[in-house]
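Remarks on the structure that follows.
Protein chains: 2
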Amino acid sequence: MPDPEPSTVLVVDDDPQIARALRINLSARGYHVVTAHDGTAALKAVAEIRPDVVVLDLGLPDIDGVDVIGGLRGWTQVPIIVLSARGDSTDKVHALDAGADDYVTKPFGMDELLARLRAAVRRSGVSAAEAEAVVETRTFTIDLAAKRVRRDGAEVHLTKTEWRLMEILVRNQGRLVTQKQLLHEVWGPTYDSESHYLRVYVAQLRRKLEPEPSRPRHLLTEPGMGYRFEC
Amino acid sequence: MPDPEPSTVLVVDDDPQIARALRINLSARGYHVVTAHDGTAALKAVAEIRPDVVVLDLGLPDIDGVDVIGGLRGWTQVPIIVLSARGDSTDKVHALDAGADDYVTKPFGMDELLARLRAAVRRSGVSAAEAEAVVETRTFTIDLAAKRVRRDGAEVHLTKTEWRLMEILVRNQGRLVTQKQLLHEVWGPTYDSESHYLRVYVAQLRRKLEPEPSRPRHLLTEPGMGYRFEC
DNA sequence: TAGGTCCTTGACGCGGCCCTGAGGACTGTT
DNA sequence: AACAGTCCTCAGGGCCGCGTCAAGGACCTA
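Top line first, the protein sequences correspond to chains A and B.
Throughout the first sequence, residue numbering follows full-length UniProt numbering, covering 1 to 231 in sequence.
Throughout the second sequence, residue numbering follows full-length UniProt numbering, covering 1 to 231 in sequence.
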């Protein structure tokens, strides 16, 4: 097994001290760290960089932390670990019920936070990895873990967007994925009806992967609803 | 949608007081509670009753708590919430790294534990719930999650409108669905009396799915009222 | 700054799906 | 037996959604 690429952590905290401390510690442990200093930036950052886990301080200047959780849970399952100075029981309950995965009160031990981070990443990784990492069709092979596609032995290069789209379809193989879901997961939660994007990119994938792009056998259209990947 | 069956919680604690307190509180919240008083019993209980979540005290008389976690993680992904009197950072790290999902130190607030329990069940339920969406009849099979219909092994293609209609009827299987409700949910709230639409589309569904379309056995008409799906 | 890749956006033809209307069957009522 | 109401069936026309091609522009790299 090759060394897995480092997990990306989005750290959301308006206190530069804490953000810096987290950045240093997490980076030292091999994580790829991105920081945001308010809720708006956090929501945007999640849509753009797709972190593997979010560490979220509740005391943000612009948006209430619980609303940030809600905004994320509307379209993504990314694990959220809440940091908060308030150890109040009702705060914890609200945050957890809004969709947070864990809740750590400040001051916190870095060891503990790291352990909880590992637990969160491990959990979400298990389900993601469960779907076999390699999917084969008659004409091409997809390695989800390595992010590689081969066709007749030769490697086929997919762009970032093409890959994201392909990955979602493959992870849901056999299932119909709605246009809205695809748009949300590839382009972000603000894209609802730009189905033209899908047409363009599905066409590109078909051109690269299907034996007869005009008669797709694996990337199937369900008119009015979405797309479906079949082996 | 019918009421989901209650989640089963395995409470593992050798202190009868705490075990009792948990049983009372969890039962009051609608959980199905099973208790075990030592590690051996816990391991056996998980294998036998397959709980949806385990609440595990670390101070067990026979087996070290971390080993219990390890014993479970060897074969199951059931969420484990650790309870412990020791708030020591290294204990937390060991338990979490052994595979625990969460760690709560005694004394704990019952509200918080319940919220963490909900979070754990929610997480694991997302993936498990989707699998249970297949409805079978004598002649055809409907997979609600994948949005696909099979008849005698072969795939039957439904259009968007056909599928919407079918889905509503299937989700209300056995129950009568009124024409108005069907029109509202498929064509929108402004459609009240266009029952001709329904006739056309129900006929199409019957033609595609019923063995004898003129003598429907599953898509039944209730004259003057609506339609009903029967397995 | 130049070159390349990639994302976005527009225009256009085509096929399939949704709607619609007409005719007929069935049932219950007067 | 005539009639009204509801339902089933079939077929055609309009239109929306899909696929395709191509060009503009953003971004990165050298």
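For glycine and all other residues, C-beta sits at the position ideal for the given N, C-alpha and C.
Tell me residue i's beta-bridge partners as DSSP assigns them.
i      : result
V82/B  : L56/B and Y103/B
L10/B  : V34/B and V54/B
E136/B : T141/B
F229/A : L219/A
V149/B : I142/B and V156/B
Between the alpha carbons of residue i and residue j, how many angstroms are there, rounded?
i      : j      : result
T8/A   : A203/A : 30 angstroms
R207/B : T90/A  : 56 angstroms
I142/A : D111/B : 46 angstroms
M166/A : L205/A : 8 angstroms
R199/B : P189/A : 37 angstroms
K180/B : D192/B : 5 angstroms
S27/B  : A45/B  : 18 angstroms
E230/B : R151/B : 16 angstroms
R86/A  : V93/A  : 12 angstroms
D102/B : R20/A  : 26 angstroms
D3/B   : L60/B  : The predicted position of D3/B is uncertain, since its pLDDT is 47 and thus under 50; a value taken from the coordinates is nonetheless stated next. Going from the Cα of D3/B to the Cα of L60/B covers about 36 angstroms.
V11/B  : L43/B  : 12 angstroms
E132/A : R73/A  : 26 angstroms
V121/B : D52/B  : 7 angstroms
M1/A   : Y201/B : Here M1/A scores only 36 on pLDDT, less than 50, and its place in the model is too uncertain to base an answer on.
L182/A : I168/A : 7 angstroms
A154/B : Q173/B : 23 angstroms
V186/B : R138/B : 26 angstroms
S214/A : T221/A : 12 angstroms
P216/A : E162/B : 23 angstroms
T105/B : I63/A  : 30 angstroms
A47/A  : A41/A  : 10 angstroms
L219/B : G226/B : 11 angstroms
A95/A  : E194/B : 46 angstroms
N25/A  : D13/B  : 35 angstroms
G30/A  : D88/B  : 25 angstroms
L158/A : L158/B : 32 angstroms
Should residue i and residue j be called a contact, given that it needs their Cβ atoms to be closer than 8 angstroms?
i      : j      : result
V68/A  : G99/A  : no
A146/B : R164/A : no
T35/A  : R23/A  : yes
D97/B  : A115/A : yes
L209/B : F108/B : no
V177/A : R228/A : yes
I80/B  : V54/B  : yes
K160/B : P223/A : yes
G65/B  : L56/B  : yes
V126/B : Q77/A  : yes
V135/A : V170/A : yes
H37/A  : P6/A   : no
S84/A  : L58/A  : yes
H196/A : W75/A  : no
D118/B : R123/A : The amino acid at residue 118/B is misidentified as Asp; the sequence shows Arg. Going by C-beta atoms, R118/B is not nearer than 8 angstroms to R123/A.
The ligand SAM heavy atoms versus the CB of residue i: any closer than 7 angstroms?
i     : result
L96/A : What this structure holds is no ligand at all, so the ligand SAM is not there to describe.
Problem set entry | Length-filtered (4 minimum) alpha helix (DSSP H) runs lying within the segment 155-219 of chain A | Listed in chain order, they are 160-171, 179-187 and 195-209.
For this session: Scan the segment 167-189 of chain A for residues whose Cβ lies nearer than 7 angstroms to a Cβ of chain B and list them as they occur along the chain.
Result: From the segment 167-189 of chain A, only G174, R175 and L176 have a Cβ closer than 7 angstroms to chain B.
Problem set entry | Under 9 angstroms (Cβ pairs) to chain B, residues found in the segment 58-71 of chain A | Taking 9 angstroms as the Cβ-Cβ cut-off against chain B, none of the residues of the segment 58-71 of chain A qualify.
Exercise. Using Cβ-Cβ distances below 7 angstroms, what residues of the segment 117-146 of chain A are close to chain B?
Worked result: Hits within the stretch, in order: R118, A119, R123, V126 and S127.
Exercise. If you measure beta-carbon to beta-carbon, which residues of the segment 80-104 of chain B are closer than 9 angstroms to chain A?
Worked result: Listed by position, the residues of the segment 80-104 of chain B near chain A (Cβ gap below 9 angstroms) are S89, T90, K92, V93, H94, A95, L96, D97, G99, A100, D101, D102 and Y103.
Exercise. At a Cβ cut of 8 angstroms, what residues of the segment 198-212 of chain A count as close to chain B, listed as they run along the chain?
Worked result: If you check each beta-carbon in the segment 198-212 of chain A against every beta-carbon of chain B, none falls closer than 8 angstroms.
For this session: Below 9 angstroms between beta carbons is the criterion; list the residues of the segment 7-40 of chain A that meet it against any residue of chain B, in chain order.
Result: So nothing in the stretch comes that close.
Problem set entry | Near-chain A residues of the segment 146-157 of chain B - C-beta to any C-beta below 9 angstroms | Of all residues in the segment 146-157 of chain B, A146, K147, R148 and H157 have a Cβ within less than 9 angstroms of some Cβ in chain A.
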